[in-house]
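Residue numbers (this note's numbering), protein chains in the order written: chain A, 1 to 267; chain B, 1001 to 1267.
There are 2 protein chains.
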Amino acid sequence: MARVTGDGTVGKALEVLDQVAAFGRPVRFSELLAQSDFPKPTLYRFVQTLTNQQMLAYDPERQTYSTGLRLVRLAHAAWEQSTLAPVARPHIEALSKAVGETVHLAQLDNAQVLYIDKRNAGQPVEMYSQAGKVGPAYCTGVGKVMLAFLDDDAAETVIEQQSFHVFTEHTLDSAAALRAELNDIRQNGYGFDREEHEPGIICVAMPIVSETGRVLGALSVTSTTGRTNLAGLEAFVPILKETATKITRDAQNWSFPDYNTKETTGI
Amino acid sequence: MARVTGDGTVGKALEVLDQVAAFGRPVRFSELLAQSDFPKPTLYRFVQTLTNQQMLAYDPERQTYSTGLRLVRLAHAAWEQSTLAPVARPHIEALSKAVGETVHLAQLDNAQVLYIDKRNAGQPVEMYSQAGKVGPAYCTGVGKVMLAFLDDDAAETVIEQQSFHVFTEHTLDSAAALRAELNDIRQNGYGFDREEHEPGIICVAMPIVSETGRVLGALSVTSTTGRTNLAGLEAFVPILKETATKITRDAQNWSFPDYNTKETTGI
DNA sequence: AAACCGGTTTCATTATTTGAAACTTGGTTT
DNA sequence: AAACCAAGTTTCAAATAATGAAACCGGTTT
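What follows is the structure, encoded as structure tokens:
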């Protein structure tokens, strides 16, 4: 039942929006049409509507559409309102300054890692991430520590959705391997990325867990194999732990939507 | 004719989305209903749909809605795709490092300034702005320099939409005063914010203009009256100019939608 | 226990969306 | 310059989805 996208007209329009976003570059109408299930006039009207609404932007010169500025405005609201970022910001800043390395803050979004904030310190590691970017959960430090502290059935649901694409020779390539790793992480209280996503990139990650045990997010310190090693990163565990605790404390007052329980109005 | 929001069902749903975003905090259904034109079940279904679509997030515990994570994902695409930010990033970074003050990158979005990027350098000025945040055009450095280099009718259109709310004793409070200021700016090639938006906050701003004369955006160096003064900021003009030129150059290849011509698909 | 309140569902009516086909525009080929 | 083509746009009757008054539910208050 229930195609994921299926909420009437609005759902369809948003599907088109995603499609444009997925291109990652300005795109012509015909390109969209070519890979769309919608008939020409239908797609045409969606694109028109979205453009009117500034959810898309049209470049008349090149006759292309890209995602619109209204999204940037709206996302700012979302970022301030329903992410850990505003609460965590000062702590992340301090952490980044203290360790002199790149710090990431992430949350779980469906089965993916959504990077919520990032601080470049010292010489920046120019890499994939950036606020708003999504990444795989099974092969990133932040992803794994969040999975590790999810309750069992939620974790299982997420694990089943992982692609286990092999990025490097260290990438965990099966649910079994991942489950073993999650056990280790639960044991230690923190986890590593051992060049599992990008060669040469390693990190330590710490979950941010609420007092009731809910996983709020995770943070990590990232570096390169050229600059340090896992043992070196492990030295940051105490300050990471401390930072996570502070964030948890400050998040107490805040209310956050829970992205990882499917419904259940009541306990 | 044509209510601004009026593209059928999709337009109405997005109106609701804006409404939630405008609250700036998690909001109950009844709060939305109280200030909505939509009848109860209609609003209810919109909220449901948007929540299904992750454009809103529902907190079952507190029974509140906030803007959803899907927006953060989408906005990332928008930011990378249809703003100056990716092109400008390295230059802004360098500028910020060179001047040791906070740097802003902004674009015009309708009649408002949309902050696209920001670099805190040295001791950060903790202030309003942040990527995604919007601000008034008539009383910010970046806003004024962009208006100054718009073509006459486009500028006039934008000027008419300014509220001229008085924030400080230095705020320009009329279209006439603004037009005079814009003339000065056109003369000089750059502009200042003389504590017009926030007391104690001053900046120099430089427009980023394409080779064809189109206003792409603006950048600024911000400081406080405690640390420097307008003359001090003026010393940054050469490096600002240089940075703007580099951004223009790099933007050449790029294609950008034009947000300030009111294309109008039709009548 | 009756009235109340926020939230949710029903269902006949209404308005919107839908998409095959036709048309327009601008560029390319014969 | 006529014929052609592809991309984009408009038309309009049929199909569908949105609408909202009213009713319903589960909890709290009077």
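Heads up, the beta-carbon is just placed ideally off N, CA and C, and yes, glycines get one too.
No experiment lies behind these values; they were computed from the predicted model shown.
Interface residues of chain A facing residue i [CB-CB closer than 7 Å]
{"i": "D1037/B", "result": "In chain order: nothing, as chain A lies at least about 17 Å away."}
{"i": "K1133/B", "result": "H76"}
{"i": "D1153/B", "result": "Those within 7 Å of D1153/B in chain A number zero; the least Cβ separation is about 17 Å."}
{"i": "A1021/B", "result": "L74 and A77"}
{"i": "A1094/B", "result": "Result: empty, since nearest Cβ-Cβ is about 12 Å, beyond 7 Å."}
Beta-ladder partner(s) of residue i, from DSSP
{"i": "A106/A", "result": "Y115/A and A218/A"}
{"i": "G1290/B", "result": "Lying outside 1001 to 1267, the shown extent of chain B, residue 1290/B is not represented and no answer is given."}
{"i": "D1059/B", "result": "T1064/B"}
{"i": "S1223/B", "result": "I1202/B"}
{"i": "V1027/B", "result": "Y1065/B"}
Rounded straight-line distance, which links the Cα of residue j to that of residue i
{"i": "P1238/B", "j": "D193/A", "result": "44 Å"}
{"i": "I1116/B", "j": "D7/A", "result": "32 Å"}
{"i": "K133/A", "j": "N1229/B", "result": "39 Å"}
{"i": "A1022/B", "j": "E80/A", "result": "12 Å"}
{"i": "G191/A", "j": "V16/A", "result": "38 Å"}
{"i": "L1178/B", "j": "V204/A", "result": "52 Å"}
{"i": "T1064/B", "j": "F1029/B", "result": "7 Å"}
{"i": "H1091/B", "j": "T1243/B", "result": "6 Å"}
{"i": "R62/A", "j": "P41/A", "result": "21 Å"}
{"i": "T1224/B", "j": "E1198/B", "result": "10 Å"}
{"i": "K269/A", "j": "Q35/A", "result": "Here chain A has residues from 1 to 267 only, and residue 269/A is not among them."}
{"i": "M1055/B", "j": "T1049/B", "result": "9 Å"}
{"i": "M1127/B", "j": "T67/A", "result": "With a pLDDT of only 46 at M1127/B, under 50, the local geometry of the prediction cannot be trusted, and no value is derived from it."}
{"i": "A251/A", "j": "D1059/B", "result": "15 Å"}
{"i": "A1131/B", "j": "I185/A", "result": "35 Å"}
{"i": "S174/A", "j": "V215/A", "result": "23 Å"}
{"i": "A1154/B", "j": "V1209/B", "result": "15 Å"}
{"i": "V72/A", "j": "A1180/B", "result": "32 Å"}
{"i": "D18/A", "j": "R1227/B", "result": "45 Å"}
{"i": "L147/A", "j": "Q187/A", "result": "13 Å"}
{"i": "E1101/B", "j": "R45/A", "result": "46 Å"}
{"i": "G1200/B", "j": "Q1112/B", "result": "22 Å"}
{"i": "K144/A", "j": "T157/A", "result": "14 Å"}
{"i": "S1129/B", "j": "A77/A", "result": "Here S1129/B scores only 49 on pLDDT, less than 50, and its place in the model should not be relied on; the value that follows carries that caveat. Near 13 Å, if we compare the C-alpha coordinates of A77/A and S1129/B."}
{"i": "T1051/B", "j": "G1011/B", "result": "16 Å"}
{"i": "V1125/B", "j": "L1233/B", "result": "Interpretation of V1125/B is limited by its pLDDT of 48, a score under 50 that renders its predicted location unreliable; the figure taken from the coordinates is listed afterwards. Rounded to whole angstroms, V1125/B to L1233/B spans 15 Å at the Cα level."}
{"i": "E31/A", "j": "A98/A", "result": "48 Å"}
{"i": "N1110/B", "j": "A1013/B", "result": "21 Å"}
{"i": "L1074/B", "j": "E1211/B", "result": "30 Å"}
{"i": "D151/A", "j": "Q162/A", "result": "17 Å"}
{"i": "A235/A", "j": "L95/A", "result": "13 Å"}
{"i": "G135/A", "j": "N1183/B", "result": "48 Å"}
{"i": "P1039/B", "j": "L172/A", "result": "51 Å"}
{"i": "V20/A", "j": "R70/A", "result": "14 Å"}
{"i": "H170/A", "j": "E196/A", "result": "5 Å"}
{"i": "G1213/B", "j": "N1120/B", "result": "30 Å"}
{"i": "G1024/B", "j": "A231/A", "result": "42 Å"}
{"i": "M1206/B", "j": "D1037/B", "result": "42 Å"}
{"i": "I202/A", "j": "S82/A", "result": "29 Å"}
{"i": "G189/A", "j": "Q1053/B", "result": "33 Å"}
{"i": "A1033/B", "j": "T9/A", "result": "The residue you asked about is not Ala; residue 1033/B is Leu in the sequence shown. Cα-Cα distance, rounded: 22 Å."}
{"i": "A176/A", "j": "E93/A", "result": "36 Å"}
{"i": "V1027/B", "j": "L1043/B", "result": "14 Å"}
{"i": "V1047/B", "j": "K1241/B", "result": "47 Å"}
{"i": "E1160/B", "j": "F149/A", "result": "54 Å"}
Contact list for residue i against chain B, beta-carbon separation under 8 Å
{"i": "V10/A", "result": "T1009, V1010, A1013, F1046, T1049, L1050 and Q1053"}
{"i": "L69/A", "result": "A1078, S1082, T1083, Q1107, D1109, L1114 and Y1259"}
Listed by chain order, chain B residues near residue i by CB distance under 9 Å
{"i": "G143/A", "result": "Here the premise fails: no neighbours, minimum Cβ distance about 15 Å."}
{"i": "L17/A", "result": "L1074"}
{"i": "A218/A", "result": "What A218/A touches in chain B: nothing, since even the nearest Cβ is about 15 Å away."}
Interface partners of residue i on chain A, CB under 8 Å
{"i": "L1032/B", "result": "What L1032/B touches in chain A: nothing, since even the nearest Cβ is about 14 Å away."}
Between the region 211-223 of chain A and the region 102-113 of chain A, do at least 3 Cβ pairs fall closer than 8 Å? yes
Three or more C-beta pairs below 8 Å linking the region 1159-1173 of chain B and the region 1138-1147 of chain B: yes
Can we say the region 1085-1098 of chain B touches the region 1239-1251 of chain B, given the rule of at least three CB pairs closer than 8 Å? yes
Suppose only complete runs of 3+ residues qualify. What are the beta strand (DSSP E) ranges in the region 129-187 of chain A, listed by chain order? 134-136
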